[in-house]
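Protein chains in written order, with the numbering used here: chain S, 1 to 232; chain P, 233 to 464; chain B, 465 to 696; chain A, 697 to 928. Backbone N, C-alpha and C define an ideal beta-carbon position, used for all residues, glycine too. What you are looking at is a predicted structure, and each value in this text was computed from that prediction instead of being measured.
4 protein chains.
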Amino acid sequence: MLEALKEEVFQANLELKRQNVVIYTWGNVSGITEDRKYMVIKPSGIAYEKLQADDMVVLEVESGKKVEGEWNPSSDTETHLVLYRRFPKLLGIVHTHSTYAVSFAQAGKAIRALGTTHADYFYGDIPCTRALKEDEVKKDYEKNTGKVIVECIEKLQLDPLAIPGILVKNHGPFAYGISPKKAVENAVVLEKIAEMAFRTLLLNPESSMESYILDKHYFRKHGKNAYYGQKK
Amino acid sequence: MLEALKEEVFQANLELKRQNVVIYTWGNVSGITEDRKYMVIKPSGIAYEKLQADDMVVLEVESGKKVEGEWNPSSDTETHLVLYRRFPKLLGIVHTHSTYAVSFAQAGKAIRALGTTHADYFYGDIPCTRALKEDEVKKDYEKNTGKVIVECIEKLQLDPLAIPGILVKNHGPFAYGISPKKAVENAVVLEKIAEMAFRTLLLNPESSMESYILDKHYFRKHGKNAYYGQKK
Amino acid sequence: MLEALKEEVFQANLELKRQNVVIYTWGNVSGITEDRKYMVIKPSGIAYEKLQADDMVVLEVESGKKVEGEWNPSSDTETHLVLYRRFPKLLGIVHTHSTYAVSFAQAGKAIRALGTTHADYFYGDIPCTRALKEDEVKKDYEKNTGKVIVECIEKLQLDPLAIPGILVKNHGPFAYGISPKKAVENAVVLEKIAEMAFRTLLLNPESSMESYILDKHYFRKHGKNAYYGQKK
Amino acid sequence: MLEALKEEVFQANLELKRQNVVIYTWGNVSGITEDRKYMVIKPSGIAYEKLQADDMVVLEVESGKKVEGEWNPSSDTETHLVLYRRFPKLLGIVHTHSTYAVSFAQAGKAIRALGTTHADYFYGDIPCTRALKEDEVKKDYEKNTGKVIVECIEKLQLDPLAIPGILVKNHGPFAYGISPKKAVENAVVLEKIAEMAFRTLLLNPESSMESYILDKHYFRKHGKNAYYGQKK
């Protein structure tokens with residue numbers, strides 16, 4: 001079942017490797033069916049070199065039960081499920097340990113919107129969640145990771161497609177999008193702008209960008225009056 | 233029409249990718265005919281892997297109207313046009329989001345001339361423009377980006393071929409040259425010297441270079457008494 | 465003799481190169497037979513491009529004498545032997561001069577556990593030994609390097625498989641594991657988390673992680689209740 | 697004439713490119729005949745991709761006159777000649793604009809001996825020369841660059857084979873050795889240890905290494921009692 005989505009999720013996982021945002025088995029990509037009944041995700045701890053489309057694992061979104069696949073799903077499966085259930089616009093989710101993004105997550109700092117590269121993809125600062133509490137870690141850790149992400153997005157009243165990424169404190173980035181492929185692109189760009197923000201802050205800790213530049217760049221590429229790229 | 237220039241601009245765009253100063257569809261290169269009637273530029277938002285010489289877009293410089301090409305031109309087209317109109321010596325223009333240069337642009341800091349690598353290509357500091365004002369961003373943003381570049385170059389009384397690059401605040405670098413190919417080389421070198429300047433300033437914020445070293449290196453490579461390289 | 469182990473150690477040495485943690489002849493990997501009688505190690509100062517499995521050198525662990533091999537063993541051989549003798553669980557040892565790890569070693573600073581990437585592999589801070597004293601350097605330097613590593617591990621009461629790496633002050637990292645291959649993986653990850661820690665500390669010198677997150681990530685991947693990856 | 701040396705110098709120039717310490721036509725390598733009559737050096741400003749062994753230029757060391765070759769020699773030719781004339785043990789010289797080394801040169805700071813990676817190749821700090829004075833730059837600039845290097849080495853009473861590299865202030869590194877190939881290796885290692893020193897100093901500006909560690913590592917690899925590598 002779901003051959004096309006498996007292939008899509010598989011290719012998106014390989015793209016993570018090609019874009020140098022993961023080493024070894026770090027990182028995972030998932031996708032969801034349009035009716036939001038099934039999620040397809042990378043198996044846990046299998047080397048990218050050995051991965052095939054058929055190794056992707058299928059789970060029922062509501063129950064979280066595996067319905068197809070030889071392997072255990074990614075250990076971060078519960079986090080993905082929480083996000084898909086809460087945000088019906090997300091069709092792909094990515095988790096990586098890309099190094100600049102992880103550095104901000106470990107420092108407990110948001111990636112502030114400092115330039116147009118950021119504004120072309122993320123409509124505002126990329127937030128960093130609070131740390132999980134002891135009981136949230138000890139029990140249902142991966143589910144609670146999802147909940148802390150949801151809490152942060154709700155508290156800041158963000159649209160997860162307008163700011164399609166977040167940092168989990170002491171952990172690393174999650175990115176999302178309207179497809180597994182787009183989620184990977186957002187994860188790659190998140191890493192690139194983390195790199196730029198890191199150096200910007202070392203050069204000038206007071207750096208900032210006016211909100212009207214953020215508006216302009218975001219909306220010239222997204223939304224109904226967008227004029228970047230080609231008419232579809 | 234203009235097959236040779238299209239090929240030249242196409243190759244220069246691919247070179248941006250080979251030199252690792254762009255990812256995805258970021259960055260664009262343009263060229264202009266010798267009579268300065270037509271500009272050739274990369275289409276907007278087309279993946280480099282799919283790009284062909286024939287996809288390049290031709291515009292009339294004076295009117296800014298597209299005269300050939302299937303696609304929309306780069307969203308930065310108006311910026312290129314302003315620069316070609318104002319500086320008749322420029323025959324190629326490049327825009328990238330290369331990471332070190334963007335970091336300086338986001339920090340709002342010029343790339344100061346700190347060594348001979350800089351002096352071999354840029355005869356003085358590479359300036360950073362002021363931020364655009366709200367009305368300049370809201371209306372005719374790309375044209376106003378060009379105007380702010382022109383304003384900065386004029387205010388500092390620079391020769392854009394002697395300092396063939398600039399940073400637009402909160403945005404990133406533009407570079408230019410006597411051909412699309414040369415403009416790309418200047419963009420690549422601008423990124424390299426931004427990398428060097430970044431580390432130099434972390435090691436010693438008081439770093440500086442005597443102007444007679446700047447003179448020497450610039451003029452041993454450029455101008456009528458240049459002795460670097462081979463006689464043409 | 466020991467063809468399989470030689471091949472394993474040889475492949476692990478090549479992997480160091482592929483993972484970009486060594487240049488030239490820097491770095492070495494060893495393995496030990498299950499009965500802990502013989503150690504196999506890379507020869508000293510032979511270019512990786514010319515290396516063959518047959519070039520690996522075999523030494524008797526107890527006496528430290530070479531029992532097979534055309535070449536001199538790695539100059540760090542005595543350090544490896546001290547570690548194998550003291551820690552019977554180690555089956556592979558790696559030494560590199562990977563740049564971020566060396567930077568911490570030169571700065572005399574531990575790589576603190578600041579995030580889950582660290583916790584997935586190292587159950588606590590990766591310590592930095594004290595500097596060797598003059599007499600320890602002048603006589604039996606390599607053996608004393610091993611002894612200083614042992615001293616540091618014992619003083620901190622660490623399990624070398626739970627924190628499978630260490631920094632020798634002013635020198636660089638040693639990593640270990642339950643096979644030569646796993647030791648290389650630990651060396652590669654040690655470098656990656658050093659890179660992340662370096663940037664984290666520049667962004668926020670006060671960064672830290674709660675111990676319950678360390679516990680969770682370490683034990684979801686290691687130990688008897690681990691659930692990361694696939695059942696063996 | 698000198699086909700073997702031309703080939704050697706040519707290959708050493710290509711190695712600079714392979715090791716990523718130069719881009720475009722930056723950097724040059726030279727060699728000298730054993731009787732020290734002739735120097736072979738890369739031509740000025742020719743793309744590495746087009747370079748052939750036959751393009752190498754031959755000059756008479758004493759007079760500095762070109763005796764063979766179609767092209768102008770490297771613009772840094774006079775610097776190389778001054779060094780060969782003054783230091784009879786040098787058989788190869790390299791100049792690059794590798795980025796970490798240039799950063800130290802631009803900051804006007806020596807690369808201090810902070811660890812064993814440094815000590816394996818350089819027996820002490822890699823000094824940075826004073827800046828050239830105005831008259832030294834205006835007339836005979838390249839020759840005076842050589843003289844300032846000589847002045848610095850003499851003042852510090854260094855053996856240029858024991859510390860086979862130096863930084864010219866606001867410019868970049870020169871490295872040397874007992875062959876063009878060895879000089880390139882020293883240039884590559886100089887860049888690597890500059891990278892390590894840069895990060896070490898950001899982590900801990902007070903970092904230092906005891907001189908007995910420097911002695912040990914240098915002499916276990918160099919000199920008559922060396923035991924690193926294989927007996928020749």
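How about residue i and residue j: are their beta carbons less than 8 Å apart?
i               : j               : result
V625 of chain B : N608 of chain B : Per the sequence presented here, residue 625 of chain B reads as Leu, with Val not at that position. Their beta carbons are not under 8 Å apart, which means L625 of chain B does not touch N608 of chain B by this criterion.
Y817 of chain A : G509 of chain B : no
N634 of chain B : T721 of chain A : no
E427 of chain P : T795 of chain A : yes
A815 of chain A : L886 of chain A : no
V420 of chain P : V253 of chain P : yes
Y280 of chain P : K249 of chain P : yes
V241 of chain P : M288 of chain P : yes
K138 of chain S : N668 of chain B : no
E532 of chain B : V525 of chain B : no
L114 of chain S : M209 of chain S : yes
L666 of chain B : L202 of chain S : yes
I111 of chain S : H80 of chain S  : no
A922 of chain A : P869 of chain A : no
L83 of chain S  : I149 of chain S : yes
E374 of chain P : S307 of chain P : yes
P43 of chain S  : P88 of chain S  : no
A639 of chain B : V558 of chain B : yes
K656 of chain B : I23 of chain S  : yes
Y676 of chain B : E151 of chain S : no
I630 of chain B : G588 of chain B : no
A517 of chain B : E479 of chain B : no
A476 of chain B : V648 of chain B : yes
According to DSSP, what are the bridge partners of residue i?
i               : result
P537 of chain B : B:P507
H791 of chain A : A:N724 and A:F870
I630 of chain B : B:F638
Y38 of chain S  : S:E60
Grab the span of the beta strand (DSSP E) containing residue i for me, first residue to last.
i               : result
V57 of chain S  : V57 to E60
E532 of chain B : K530 to E532
Could you please give the first and the last residue of the uninterrupted alpha helix (DSSP H) stretch that includes residue i?
i               : result
Y682 of chain B : S675 to K685
N186 of chain S : P180 to L203
N477 of chain B : E467 to R482
Under the criterion of a Cβ to heavy atom distance below 7 Å, does residue i qualify as lining the ligand HEM?
i               : result
D540 of chain B : The ligand HEM is absent from the structure shown, which contains no ligand whatsoever.
Please determine if the stretch 175 to 188 of chain S and the stretch 29 to 44 of chain S are in contact, where contact requires at least 3 C-beta pairs separated by less than 8 Å.
Verdict: yes, contact present.
Contained alpha helix (DSSP H) runs [length at least 4] in the stretch 553 to 608 of chain B, N- to C-terminal order
Segments of the alpha helix (DSSP H) lying fully in the stretch 553 to 608 of chain B: 563 to 571, 580 to 583 and 598 to 602.
With a cut-off of 8 Å, do at least 3 Cβ pairs link the stretch 379 to 388 of chain P to the stretch 301 to 308 of chain P?
In short, these stretches do not touch, since the Cβ pair count stays below three.
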